[in-house]
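Asks: In this note's numbering, the protein residues as written are 1 to 277. Don't be surprised by glycine CBs; every beta carbon is placed ideally from N, CA and C. All of these numbers come straight from a predicted model, not from anything done at the bench.
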Amino acid sequence: MPELPEVETIARGVDERLRGDRIVETWFGSHREPFKTPPARQARGLEGRVFLAVHRTGKHIVCELGASVEDSGAPAAQWIVHLGMTGRLLVSTPDAPLAAHTHARLSLASGRELRFVDPRRFGRLEFRNLSRSPAFNAAGADPLTVTAAEFAALFHPRMLPIKAALLNQKLLSGVGNIYADESLFRAGIRPRRLSGRLTRSEIEALRLALREVLEHAIRLGGSSVSDYVNSDGVRGFFQLEHCVYLRTGLPCRRCHTPIRRILLAGRGTHYCPQCQR
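Spelled out as structure tokens, the structure:
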């Protein structure tokens with residue numbers, strides 16, 4: 001599943017290309033799974049709207065929409081995209097080959113198209129008219145902006161493995177398996193350790209490591225370990241710098257001890273038994 005760096009990369013790419021563009025026509029596929037809002041309602045809500053901004057909230061891409069590019073103040077509507085396991089949000093031209101499992105096409109005044117492709121259909125598309133519904137917000141704190149005090153308050157009192165706590169989207173929004181493993185390695189913390197028994201200095205080291213890993217991954221366009229590509233269909237590069245994730249049995253990049261894999265909170269978890277205590 002695309003995590004925070006991948007979603008952030010896509011959101012920035014779509015924003016750069018489509019800000020100020022108008023939706024003139026929409027097409028939605030026949031499979032009902034991707035549609036949190038019925039396709040007919042999405043079509044009515046989207047057509048004629050202008051992209052004011054596109055940003056990431058948690059693991060969601062939020063398109064802020066208005067009646068015209070001159071709109072000031074709060075947007076009038078939102079189109080919310082969750083990529084699920086295999087979703088892609090691509091800026092394309094109308095004559096580009098149509099990928100299998102395309103579930104939505106937004107034709108734009110510029111002549112471009114915004115396409116949502118999702119082979120496994122775990123992604124979701126939602127439209128919100130903000131005169132009738134509240135704006136979308138993530139449940140947990142954002143790991144790129146959470147303060148030291150906020151981070152400690154989230155994790156220090158909880159007696160559950162720190163890896164499981166990092167994956168809890170009600171605590172932090174956007175962190176998944178890859179970046180939980182990589183940040184724990186950078187902080188030198190074993191994934192099974194109980195979050196409530198970490199010292200204050202370890203909690204702060206983890207917060208800083210997590211932010212550093214996420215920001216570095218964003219600079220490299222995310223991790224392409226499965227289906228992920230950015231809004232132009234280009235793969236990311238951060239997977240080339242993974243220290244532990246999917247490196248079972250390979251030597252640690254620091255100490256050369258073989259990387260171990262365990263199952264924790266139902267997820268494959270990778271760590272160095274020497275560097276992480």
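Of the choices 241, 258, 239, 24, whose alpha-carbon is the least far from that of residue 248?
Replies: It is 258 whose Cα lies nearest to the Cα of residue 248.
Asks: DSSP state of residue 139, grouped into three classes?
Replies: Correct three-state label for residue 139: coil.
Asks: Thinking C-beta only, is residue 50 closer than 7 angstroms to residue 63?
Replies: The answer is no: Cβ separation not under 7 angstroms.
Asks: Could you name each continuous alpha helix (DSSP H) segment of 4 residues or more that falls completely within the segment 8-93, going from the start of the chain to the end?
Replies: Fully enclosed alpha helix (DSSP H) runs of 4 or longer: 39-46.
Asks: Does DSSP put residue 149 in a helix, a strand or coil?
Replies: Residue 149 falls in the helix class under three-state DSSP.
Asks: Exposed or buried, what is residue 251 when buried is set at 16 or more other beta-carbons lying within 10 Å of its beta-carbon?
Replies: Looking at its Cβ environment, which holds fewer than 16 other Cβ atoms inside 10 Å, residue 251 is exposed.
Asks: In three-state terms, what does DSSP make of residue 129?
Replies: Strand at residue 129.
Asks: Count the other C-beta atoms from every protein chain shown that fall within 10 angstroms of the C-beta of residue 42, then say buried if there are 16 or more, exposed otherwise.
Replies: Answer is buried; the Cβ neighbour count reaches 16.
Asks: Output the boundary residues of the beta strand (DSSP E) element that contains residue 238.
Replies: Looking at the DSSP string, residue 238 is not in any beta strand (DSSP E), and its letter there is neither H nor E.
Asks: Check the DSSP bridge columns for residue 102 and list the partner residues they point to.
Replies: Note: residue 102 sits in a beta bridge opposite 117.
Asks: Look at the Cβ atom of residue 126, then the Cβ atom of residue 26, and state whether they are nearer than 7 angstroms.
Replies: No, the Cβ-Cβ distance between residue 126 and residue 26 is not below 7 angstroms.
Asks: Hey, is the segment 147-164 in contact with the segment 191-209, meaning 3+ C-beta pairs nearer than 8 angstroms?
Replies: Flag = yes, the segment 147-164 and the segment 191-209 touch.
Asks: Measure the Cβ-Cβ separation of residue 80 and residue 230 and say whether it is below 7 angstroms.
Replies: Their beta carbons are not under 7 angstroms apart, which means residue 80 does not touch residue 230 by this criterion.
Asks: In this structure, how does DSSP classify residue 200 when only helix, strand and coil are distinguished?
Replies: Three-state DSSP puts residue 200 in a helix.
Asks: On the criterion of 16 or more Cβ atoms from any shown chain inside 10 Å, does residue 117 qualify as buried, or is it exposed?
Replies: Per the 10 Å Cβ criterion, buried.
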